[in-house]
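Trainee:
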Amino acid sequence: MTPADPIIQVRNLTCAFGENVIVDSISFEVNRGEVFVILGGSGSGKSTILKHMIGLYTPRTGEILFEGEDLVLSQGDARRAIMRRFGVMYQSGALFGSMSLLENVRLPLEEFTDLPIEAMNLISLMKLDLVGLREFARHLPAEISGGMQKRAAIARSLALDPSIVFLDEPSAGLDPITSAEIDELILDLARNLGLTFVVVTHELPSIYSIADRVIMLDKRTKGIVATGTPDSLKDSEDEWVRNFFRRTSNSISE
Amino acid sequence: MKPSNRTVEYSIDRAGDSLQLAFEGSLDVQTAPKIWEELVTKIEESDSQKVVVEAKGISYCDGTGIGLLLQLQRMQVCRNADFEIKNLSDRFSSLLERYNPEDFADCDKIDASTSCLPEQVGRGAHHILGELKTMIAFLGELAVGLFKVALHPGKLRWRDAFLYAEKAGVDAIPIITLISFLIGLIMAFQSVVPMKQFGAEIFVADLVALSVVKELGPLMTAIILAGRSGSAFAAEIGTMKVNEEVNALTTFGIDPVHFLVLPRVIATACVTPLLAVLANFCGLLGGATVATGLNIPLVVYVQRTFNILQVDDLMGGLVKAFVFGALIAAIGCLRGIQTEKGATAVGDSTTKSVVAGILAIIIADGIFSVMYYNLGI
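Protein sequences, first through last, are from chains A and B.
Here the working numbering is used: the first residue of the first sequence is 2, the next is one more, and so on.
Here the working numbering is used: the first residue of the second sequence is 165, the next is one more, and so on.
#1: Measure from the C-beta of aspartate 370/B to each C-beta in chain A and report whether the shortest distance is under 7 Å.
#2: Just the Cα atoms here: how many angstroms apart are glycine 348/B and phenylalanine 423/B?
#3: With glutamate 365/B and isoleucine 460/B assumed to form a contact (beta carbons below 8 Å), what rounded beta-carbon distance in angstroms separates them?
#4: In the DSSP assignment, find the beta strand (DSSP E) that holds asparagine 251/B and state where it starts and stops.
#5: Indicate the three-state DSSP secondary structure (helix, strand or coil) for glutamate 255/A in the structure shown.
#6: Arginine 152/A to glycine 34/A, Cα distance in whole Å?
#7: Check whether the Cβ of alanine 79/A sits closer than 6 Å to any heavy atom of the ligand MG, and report yes or no.
#8: Could you pull out every residue in the same chain whose Cβ sits closer than 8 Å to the Cβ of phenylalanine 353/B, ignoring the five residues on either side in sequence?
#9: Any C-beta of chain A within less than 8 Å: which residues of the segment 300-326 of chain B qualify?
#10: Beta carbon of lysine 312/B, beta carbon of glycine 481/B: below 7 Å?
#11: Select from Ser395/B, Leu478/B, Ala528/B and Ile541/B the residue whose C-alpha is nearest the C-alpha of threonine 503/B.
#12: For glycine 34/A, would you say it is in contact with chain B, using Cβ-to-Cβ distances shorter than 7 Å as the test?
#13: For a contact meaning CB atoms closer than 8 Å, what does alanine 143/A contact in chain D?
#14: According to the Cβ coordinates, are valine 487/B and alanine 431/B closer than 7 Å?
#15: Suppose only complete runs of 4+ residues qualify. What are the alpha helix (DSSP H) ranges in the segment 438-487 of chain B, listed by chain order?
#16: Is proline 382/B buried or exposed, if buried means 16 or more other CB atoms sit within 10 Å of its CB?
#17: Below 8 Å on C-beta distance, what does arginine 255/B contact in chain A?
#18: Using the beta-carbon count (16 or more within 10 Å), is methionine 535/B buried or exposed?
#19: Go to valine 313/B, then tell me how far its alpha helix (DSSP H) extends in each direction, as first and last residue.
#20: For serine 190/B, go through chain A and note every residue whose CB falls closer than 7 Å to its CB, in chain order.
#21: Using only the alpha-carbon positions, how far apart do serine 180/A and valine 285/B sit?
#22: In the segment 184-228 of chain A, which residue ranges form an unbroken beta strand (DSSP E) of at least 3 residues, counting only runs that do not cross its ends?
#23: Pair every Cβ in the segment 130-141 of chain A with every Cβ in the segment 160-170 of chain A, then say whether three or more of these pairs are closer than 8 Å.
#24: Can the beta-carbon of valine 215/B be found closer than 7 Å to that of phenylalanine 247/B?
#25: Kindly list the residues whose CB is nearer than 6 Å to the CB of aspartate 177/B, restricted to its own chain and excluding five residues on each side of it in sequence; keep chain order.
#26: Against chain B, does glycine 69/A count as a neighbour if the rule is that its beta carbon must be under 7 Å from one of theirs?
#27: Taking the beta strand (DSSP E) that aspartate 177/B falls in, what are its first and last residues?
#28: Per the contact definition of three or more C-beta pairs closer than 8 Å, is the segment 115-126 of chain A in contact with the segment 240-255 of chain B?
#29: If you reduce the DSSP assignment to three classes, tell me which class asparagine 105/A lands in.
#30: So, helix, strand or coil for glutamine 10/A, using DSSP?
#31: If you draw a straight line from the alpha carbon of threonine 3/A to that of lysine 52/A, how long is it in whole angstroms?
#32: Going by the DSSP bridge assignment, what does glutamate 30/A pair with across the sheet?
#33: Serine 223/B touches chain A at which residues, Cβ-Cβ below 8 Å?
#34: Of all the residues that make up the segment 2-30 of chain A, which are near chain B by a beta-carbon distance shorter than 9 Å?
#35: Which residue marks the beginning of the beta strand (DSSP E) containing serine 158/A, and which one marks its end?
#36: List in chain order: all unbroken alpha helix (DSSP H) runs of 4+ residues lying wholly within the segment 316-397 of chain B.
The structure is reproduced here in structure tokens:
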């Protein structure tokens, strides 16, 4: 991993709904192979930025470049080609309720590869195995717990082995052990396969264990208040950032 | 490297009993599917006792590539043959080692549904019995709820009831006006042609009046309500059930039947007769429009209508409408409460509410016909 190898570049991004500006002209870069965490209080626009980055919303102004190609301006097949490069896990899981977990994971493979069905089943089962759900492959999403749905959604986001994975609150609602396993999986995939992760989360233990770099959003300024490694943010000049990291990290060490 | 630039090639060499398989390039989601089927068939046909994969040439290997290696390993394990991977980079082998090939033995037949006909019949019968049971239980709860409301009318959420009365009643006025007017018009028009051959076109007034007021007015109103409001109740309560809002009510100690079902049932049952009156009027108006178009004076038409219609006919129709309204709302709510989990479940409940609602209306209408005949109405 070289620091000068940005895979995603966000320039002067302004996200707004009508009159309501959520973030105002922010810029940042995500490097290839790093785990990049977007952090901030509730309502600071973390998920909104993520949804702009994956092309669900159109920004008011600004550019979002994937390996130099602009997602905002691209259209049709070019846009779909960019979007196929990333996997997304939504906050609620967003599994298809009428399909079993296996079919959920298999769907992107069916749509975008020519693999024989047996191979698709094998790969889907492998993805489910990564998140510890192989035994539940035949279950419907409604038949498993919320945490399991979340893990199945991670498996689905990895189905096509994307080079970039967006995770919206992957560990919220999971027990600490499962959440640590998910963290380990993220690190494993990032270190060994060079996948890039963009993660929205508030879970500090998880940030300390996985994050290469963090950007912190502030609702008051509608911008980025701090950027850096988790350890450097602990000693940030901004009092709010310092408190955010220290207070919670103290309570963890206790 | 951009995904489009990646390629993989493989070569197979036979050395005695063992098979040497060498890869060169990037084994990933772009490249692996292209060689998957061919390679698997070749290995299968060779039937060797040992397969050795030379992985030195693999520059990159993602989950799909690991899947291909695992598939080869699995095939060898299945027929008790040996498998070995040489020189696979540590960063990829750690991913392969996560998996045990024996865990994936059944992925060929994972989709096969195994239930046979007797089993399906049994399950179906069990399901129908279960539904019948919940329906009877629901009817009981509804009766108890209505009894309680009769004793303490202040306890009902009347504000909700008025809101549903507005949604199911007032908002349905335009569509009911239009449909009943057209039904009256079409019926008159279709019957006037054959009747004219006998010089009996004046009796169109009798025909339209009797069939609209006794039968079609209440029936059409009820069918429209089943499509508009019964389905809406099922979807609304079904979504609440999926979002655990119904559970939240129960844990507050609030009876879902009292809170959700009674206001809807009472409101719908009360507005349906009113809508039926409107439907009757519009149907007659439709008939009159055709009659005046065919040079039957309006006065004559109205007079014939009043001559043939009895108060009993009107009241009989309205009583039917009241019962239909209650049935539609109750079935819609029942289907909503029976909703299981997930988006499809809400769709299923909505469909069932309309189908069951219309079925119930027609059955009830049959019963009413026999009853009225015996009562001489």
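Think of the CB as a built atom: it goes at the ideal place given N, C-alpha and C, for glycine as much as any other residue.
Since the model is a prediction, treat every value here as computed from it, not as a measurement.
Mentor: Per the coordinate set shown:
#1: Indexing the second sequence from 1 puts residue 370/B at position 206. Aspartate 370/B does not count as touching chain A.
#2: The residue given as residue 348/B occupies position 184 in the second sequence. The residue given as residue 423/B occupies position 259 in the second sequence. Spanning the two alpha carbons is a distance of roughly 39 Å.
#3: As a position in the second sequence, residue 365/B is number 201, starting the count at 1. As a position in the second sequence, residue 460/B is number 296, starting the count at 1. 7 Å between Cβ atoms; contact.
#4: As a working note, residue 251/B is residue 87 in the second sequence. That residue, asparagine 251/B, is in no beta strand (DSSP E); it is neither H nor E in DSSP.
#5: For the purposes of this step, residue 255/A is taken as the residue at position 254 of the first sequence. Note that glutamate 255/A scores 37 on pLDDT, short of 50, meaning its location in the model is unreliable; the coordinates nonetheless yield the value given after this. Coil at glutamate 255/A, not helix or strand.
#6: What you label residue 152/A is simply residue 151 of the first sequence in a count that begins at 1. What you label residue 34/A is simply residue 33 of the first sequence in a count that begins at 1. Rounded to the nearest angstrom, the two C-alpha atoms are 22 Å apart.
#7: Among the components of this structure there are no ligands whatsoever, and the ligand MG is therefore not found.
#8: Locating residue 353/B in the second sequence gives position 189, counting from the first residue. Taken in chain order, the residues that qualify are Val454.
#9: none
#10: Walking along the second sequence from the start, residue 312/B turns up at place 148. Walking along the second sequence from the start, residue 481/B turns up at place 317. No, they are not a contact pair.
#11: Counted from its first residue, the second sequence places residue 503/B at position 339. Cα-wise, what sits closest to threonine 503/B is Ser395/B.
#12: Your numbering for residue 34/A matches position 33 in the first sequence. No, because no Cβ of chain B sits closer than 7 Å to the Cβ of glycine 34/A.
#13: The structure shown has no chain D; the protein chains it does contain are A and B.
#14: If you number the second sequence from 1, residue 487/B lands on position 323. If you number the second sequence from 1, residue 431/B lands on position 267. Taking 7 Å as the Cβ cut-off, valine 487/B and alanine 431/B do not qualify as a contacting pair.
#15: 462-472
#16: The sequence position of residue 382/B within the second sequence is 218, counting from 1. With 16 or more Cβ atoms within 10 Å of its Cβ, proline 382/B is classed as buried.
#17: Locating residue 255/B in the second sequence gives position 91, where the first residue counts as 1. Arg192, Asn193 and Leu194, listed in chain order.
#18: Residue mapping note: residue 535/B aligns to position 371 of the second sequence, counting from 1. That one is exposed.
#19: What you label residue 313/B is simply residue 149 of the second sequence in a count that begins at 1. 281-315 is the span of the alpha helix (DSSP H), which, as asked, contains valine 313/B.
#20: Residue 190/B sits at position 26 when you count from the first residue of the second sequence. Those within 7 Å of serine 190/B in chain A number zero; the least Cβ separation is about 11 Å.
#21: Taking the first sequence and counting its residues from 1, the one referred to as residue 180/A is at position 179. Taking the second sequence and counting its residues from 1, the one referred to as residue 285/B is at position 121. Their Cα atoms are separated by approximately 44 Å.
#22: 197-201 and 214-219
#23: no
#24: In the second sequence, counting from the first residue as 1, residue 215/B sits at position 51. In the second sequence, counting from the first residue as 1, residue 247/B sits at position 83. The answer is yes: Cβ separation under 7 Å.
#25: Taking the second sequence and counting its residues from 1, the one referred to as residue 177/B is at position 13. The answer, listed in chain order, is Gln184.
#26: If you number the first sequence from 1, residue 69/A lands on position 68. No, glycine 69/A does not count as interfacial toward chain B.
#27: Taking the first residue of the second sequence as position 1, residue 177/B is located at position 13. Start and end: 172-179.
#28: no
#29: Here residue 105/A refers to the residue found at position 104 when the first sequence is read from its first residue. Helix at asparagine 105/A.
#30: Counting from 1 along the first sequence, the entry for residue 10/A is found at position 9. Strand, per DSSP.
#31: Numbered from its first residue, the first sequence carries residue 3/A at position 2. Numbered from its first residue, the first sequence carries residue 52/A at position 51. The predicted model places threonine 3/A with a pLDDT of 47, which falls under 50 and marks its position as unreliable; any figure quoted below should be read in that light. C-alpha separation (whole angstroms): 27 Å.
#32: Here residue 30/A refers to the residue found at position 29 when the first sequence is read from its first residue. DSSP, once it has assigned bridges, lists Gln10/A as partnering glutamate 30/A.
#33: Here residue 223/B refers to the residue found at position 59 of the second sequence. The contacting residues do not exist; serine 223/B stays about 12 Å from chain A at best.
#34: none
#35: Position 157 of the first sequence, counted from the first residue, corresponds to residue 158/A. First-last for serine 158/A: 147-158, but that is the alpha helix (DSSP H), not the beta strand (DSSP E).
#36: 322-332, 337-361, 368-374 and 381-389
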